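Trainee: Numbering (my numbering), first residue to last: 23 to 210.
1. Return helix, strand or coil for residue 208, following the three-state DSSP convention.
2. Enumerate in chain order the residues of its own chain whose CB-to-CB distance from residue 102 is below 8 Å, with the five nearest sequence positions on each side excluded.
3. Just verifying my parser: in three-state terms, what is the DSSP assignment at residue 161?
4. Report back the beta-carbon spacing between residue 192 and residue 173 to the nearest angstrom; my notes put them in contact at under 8 Å.
5. Determine the extent of the alpha helix (DSSP H) in which residue 80 is found, giving its start and end residues.
6. In terms of DSSP beta bridges, what is residue 94 paired with?
7. With contact counted as at least three CB pairs below 8 Å, one residue from each stretch, are the stretch 104-112 and the stretch 143-154 in contact?
8. For residue 156, tell me which candidate among 171, 164, 98, 142 has the shortest Cα-Cα distance.
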């Protein structure tokens with residue numbers, strides 16, 4: 023190709039109005055990203071978990087937990103359900119995804135944490151002890167929508183400086199269905 027042809031082609035491209043060097047409009051943020059705060063403190067992990075229940079956001083729920091999550095169900099649930107014998111992060115993800123699917127398009131979900139105490143164990147470990155009332159308005163008529171109990175969450179700071187839920191212990195309060203009972207139901 024001659025230099026004159028190259029110049030002519032270049033001039034044609036630049037004047038054709040294709041806006042090669044113009045800026046583009048930014049894309050909208052992810053629609054379902056929900057409310058999530060970078061967990062720089064243990065309290066932010068707790069807030070993220072409460073928001074992920076309120077919004078039924080599986081991504082933010084998952085992001086709040088350590089890869090090697092340990093869950094200890096209530097004594098009654100453990101005696102009744104074999105699913106808890108090998109419960110880990112994968113089972114936690116599976117249960118919450120099934121719950122979200124059953125509660126889609128419903129509202130009024132909440133996680134109330136009462137009588138909260140956050141205790142320092144080490145510079146990178148805290149324990150949250152609280153009673154809870156969990157409400158999830160799902161479509162399974164045979165399963166309650168409100169659960170109560172006491173939880174202990176061990177929150178640990180990782181090497182990246184971010185905090186996550188590492189160990190979770192669930193305890194019954196009287197004869198009320200517990201969070202463990204909800205998890206077992208949505209793993210069936």
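No residue lacks a Cβ here, since even glycine has one placed at the ideal position from N, Cα and C.
These figures come from a predicted structure and were not determined experimentally.
Mentor: With the structure as the only source:
1. Here residue 208 corresponds to residue number 186 of the chain shown, with the count starting at 1. Of the three classes helix, strand and coil, the one that applies to residue 208 here is coil, per DSSP.
2. In the chain shown, the residue the question calls residue 102 occupies position 80. Correct list, in chain order: 206.
3. As a position in the chain shown, residue 161 is number 139, starting the count at 1. Three-state DSSP puts residue 161 in coil, outside helix and strand.
4. Your numbering for residue 192 matches position 170 in the chain shown. Your numbering for residue 173 matches position 151 in the chain shown. 6 Å between Cβ atoms; contact.
5. Your numbering for residue 80 matches position 58 in the chain shown. Run containing residue 80: 80-85, per the alpha helix (DSSP H) assignment.
6. To locate residue 94, count along the chain shown from 1; it is residue 72. Residue 94 is bridged to 191.
7. no
8. As a working note, residue 156 is residue 134 in the chain shown. Selected option, being the one with the closest Cα: 171.
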